[in-house]
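Per our numbering, the very first residue in the sequence shown carries number 1; after that it's consecutive. Glycine residues also receive a C-beta, built at the ideal position from the N, C-alpha and C atoms. Below is one structure, written out as structure tokens; the observations come after it.
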Amino acid sequence: MACSLTLFKEFNPEKSKIRVSRVAYEGLNYPVIECDGECPAGDPQCVYYCPTGCLVYVTRKQAVDMNYELTIKRQVQPVFKFIAPWKWKYPWRPWPR
1 MACSLTLFKE
11 FNPEKSKIRV
21 SRVAYEGLNY
31 PVIECDGECP
41 AGDPQCVYYC
51 PTGCLVYVTR
61 KQAVDMNYEL
71 TIKRQVQPVF
81 KFIAPWKWKY
91 PWRPWPR
């Protein structure tokens with residue numbers, strides 16, 4: 001919703017660049033992102049406002065490192081199954097700029 005608001009000035013999920021596709025035979029949902037990271041507001045607003053920290057705009061190596069960190073922390077703290085550790089300790093607040 002942050003995407004459509006930033007780009008089109010309206011809350012419209014059909015205009016958002018992020019969609020979720022369901023693969024029935026796997027029973028999984030996959031995000032499909034048609035974004036180049038170029039937002040009129042600067043940094044991708046979807047990443048900034050994502051409440052769980054699931055969306056990140058980083059290099060491939062940083063993403064692999066974050067995934068590794070999440071795997072380790074999930075073993076220790078079950079709340080990280082729902083909230084990414086880089087958003088902890090205040091997951092409802094946006095990342096500092």
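Three-state class that DSSP yields for Tyr25 in the structure shown: Here Tyr25 sits in coil by DSSP.
Unbroken alpha helix (DSSP H) run spanning Asn102, endpoints: Since the first residue shown for the chain is 1 and the last is 97, residue 102 is missing from the structure and cannot be characterised.
Per DSSP, cross-strand counterpart(s) of Cys39: Answer by DSSP bridge pairing, in chain order: Gly42.
Per-residue DSSP class, three states only, for Pro13: Looking at Pro13 - three-state DSSP - the assignment turns out to be helix.
Three-state secondary structure (DSSP) of Tyr49: In the three-state reduction of the DSSP assignment, Tyr49 falls in the helix class.
Supposed contact pair Cys46 and Ile18 - C-beta distance, whole angstroms, cut 8 Å: Indeed they touch by this definition, with Cβ atoms about 6 Å apart.
Exposed unless 16 or more other CB atoms sit within 10 angstroms - verdict on Leu55: With 16 or more Cβ atoms within 10 Å of its Cβ, Leu55 is classed as buried.
Straight-line gap, Asn12 to Leu70 (C-alpha atoms, nearest Å): Linking Asn12 to Leu70 through their CA atoms gives a straight-line distance of about 31 Å.
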